[in-house]
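The sequence shown: position 367 = 367 (the working numbering), numbered continuously. Beneath this line is the structure, given in structure tokens, with notes to follow.
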Amino acid sequence: MSSRTADVVICGAGIAGISTAYHLSVHAGVRQVLLVDERPPLSLTSDKSTECYRNWWPGPGPAMVQMMNRSIDILEDLAEESGNRFNLNRRGYLFATADLARIEDFKTHAREAESLGAGALRIHDGQTAGPAYQALQMEGYRDQPDGADLITDQALIRENFPYLSEDTVAVIHPRRAGWFSAQQLGMYMLEQARQHGVQLIEGHVDRVEQQGGRVEAVQARTKQGVIRIDTPHFVNAAGPFIKPVGVLLNEHLPVFSELHIKISINDRLGVFPRNAPLLIWSDELQLPWREEERAILAEDDETRYMLGTFPEGVHARPEGPQDSPIVLILWTYDTDPVQPTFPITYDSNYPEIALRGLARMLPALEPYFDRPPKPWLDGGYYTKTEENRPLVGPLSLDGAWIIGALSGFGLMASPACGELLSKHIAGADLPPYAPWFQLSRYEDPEYKKLLKSWEQTGQL
Ligand SMILES: Cc1cc2nc3c(=O)[nH]c(=O)nc-3n(C[C@H](O)[C@H](O)[C@H](O)COP(=O)(O)OP(=O)(O)OC[C@H]3O[C@@H](n4cnc5c(N)ncnc54)[C@H](O)[C@@H]3O)c2cc1C
1 MSSRTADVVI CGAGIAGIST AYHLSVHAGV RQVLLVDERP PLSLTSDKST
51 ECYRNWWPGP GPAMVQMMNR SIDILEDLAE ESGNRFNLNR RGYLFATADL
101 ARIEDFKTHA REAESLGAGA LRIHDGQTAG PAYQALQMEG YRDQPDGADL
151 ITDQALIREN FPYLSEDTVA VIHPRRAGWF SAQQLGMYML EQARQHGVQL
201 IEGHVDRVEQ QGGRVEAVQA RTKQGVIRID TPHFVNAAGP FIKPVGVLLN
251 EHLPVFSELH IKISINDRLG VFPRNAPLLI WSDELQLPWR EEERAILAED
301 DETRYMLGTF PEGVHARPEG PQDSPIVLIL WTYDTDPVQP TFPITYDSNY
351 PEIALRGLAR MLPALEPYFD RPPKPWLDGG YYTKTEENRP LVGPLSLDGA
401 WIIGALSGFG LMASPACGEL LSKHIAGADL PPYAPWFQLS RYEDPEYKKL
451 LKSWEQTGQL
């Protein structure tokens, strides 16, 4: 067995571990930070995401909006200093509905987001006075509004989003939102961290030694054999495996995982709008089938569910530069908890279901029903807590820390969550949202009470 020392050992070189290493080394001045991962950096979940971000999050309390605003501040700073190497844009998210009753929900969510610090709500109904709707910019992130635009003025909807289904009655457009290249962001932070002394070891962490109630050493299996690293600090940043890594610390983490699959298609007919924001259909729906297709699907127990009602939330965005034909589509209609296993398996009907669901919002996709584009599938797990808030902070054992349960928001949240954890470890002043993300929140009677009436998780 070989041995060495480190100030901090981080298990997991996904975006969470890398962001923590970046903040510890570049901003907190911690010299010997060691990332240990059995896979190449950013290769398990962090390169499978839709790469979107938003400050549009529900309460209770402003913690989630504050943390995301801080994360987006960091993203913008990193974009400035790197010449926008990771193509941060600010096209926003666009939630659309054909149901008049949803307009009040949109307004309620927007008023709540406004009160939590996400920016002002602007109403465009053709009657209410106020600033004109500012059209989105395809590239860049500067000089764009924040808050959200609620549009019920039909002419304005058609003018700006002519591709939406004709029966769309309202859209809400949160503006401090968009997407970026997660791989480029992660590699940029990793490069900076390495220049500040961070090292990366390929290996499987299988033991954390304790002495006198605190972390003493970490053991990892590498190709060269077992290595023992003397360290006072161990960070669990193991993504979908935070639970088994928690067991190494005798810590039961209250998390579970859902499988989320993404499809990429080559839009050979050029019918998907390249200038779109992230498009989300906010109504339940039934998939469009011809009579003869319905009859065939109804015959078989394995396909009958495709005739049922599917939940809201099918979403899609263009990927790559203006002339790229790639479109990303996601729709998690099955959110049952599962055990994370790799390689992932998925419902073979998923690509057709997602495409047909998306066509409810974008009818121009209908010509694909008979000759669907070949789908590329990937995805991973949303590992999450019951209220869909992350775990960032100390664990019971002194010197043990966690950054995880990043669910479907780990790319957008990691810049601020990595900073938050580095402040915990370095003993720096913590931002006001810190207590909301600590594991110890579940011991607080007030928080337990809050959990009982928790309504929205903000998940897409
Ligand atoms: C389909 C999909 C779409 C998504 N869309 C978005 C989005 O639009 N925006 C957004 O912000 N987020 C999105 N997410 C969520 C985001 O991808 C995740 O929250 C984020 O990648 C989690 O990062 P992580 O570093 O915690 O985990 P990971 O990237 O999984 O990294 C964990 C690392 O830990 C390593 N590891 C685990 N156990 C051990 C061990 N014992 N020893 C050594 N190494 C170990 C693994 O090898 C892995 O590399 C999406 C996720 C999915 C699946």
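In this text, a Cβ means the ideal position worked out from N, Cα and C, and glycines have one as well. In this text the structure is predicted, and so the values were computed from the model without any measurement.
* **Residue range of the unbroken beta strand (DSSP E) whose run includes residue 384** => 376 to 384
* **Candidates 194, 300 and 146: closest to residue 174 by CA position** => 146
* Among 322, 325, 326 and 289, which has the Cα closest to the Cα of residue 308? -> 289
* Of the listed residues 62, 98, 24 and 362, nearest to residue 114 (C-alpha basis) -> 62
* **residue 247 classed as buried or exposed, judged by whether at least 16 other C-beta atoms fall within 10 angstroms** => exposed
* Candidates 52, 379 and 387: closest to residue 343 by CA position -> 379
* To do: Look up residue 4 in the DSSP assignment and say whether it is helix, strand or coil.
  => strand
* Find out if the Cβ-Cβ distance for the pair residue 420, residue 189 is shorter than 9 Å. => no
* Just to check, is the beta-carbon of residue 409 closer than 8 Å to a non-hydrogen atom of ligand 1? -> yes
* Locate the beta strand (DSSP E) running through residue 266, then write down its first and last residues. => 256 to 266
* To do: Specify the secondary structure class of residue 185 as computed by DSSP and reduced to three states.
  => helix
* Roughly how many angstroms separate the alpha carbons of residue 154 and residue 162, rounded to a whole number? -> 10 Å
* What are the start and end residues of the alpha helix (DSSP H) that includes residue 297? -> 291 to 299
* To do: Below 8 Å on the Cβ atoms is my guess for residue 37 versus residue 13; work out the distance and round it to an integer in Å.
  => 4 Å
* Asked: In three-state DSSP terms, what is residue 309?
  -> strand
* Closest Cα partner of residue 430 within the set 416, 159 and 442 -> 416
* Look up residue 53 in the DSSP assignment and give the residues it is bridged to. => 178
* **Length at least 4, wholly inside the stretch 371 to 446: the alpha helix (DSSP H) runs in chain order** => 410 to 426
* Looking at the structure shown, is residue 200 part of a helix, part of a strand, or coil, going by DSSP? -> strand
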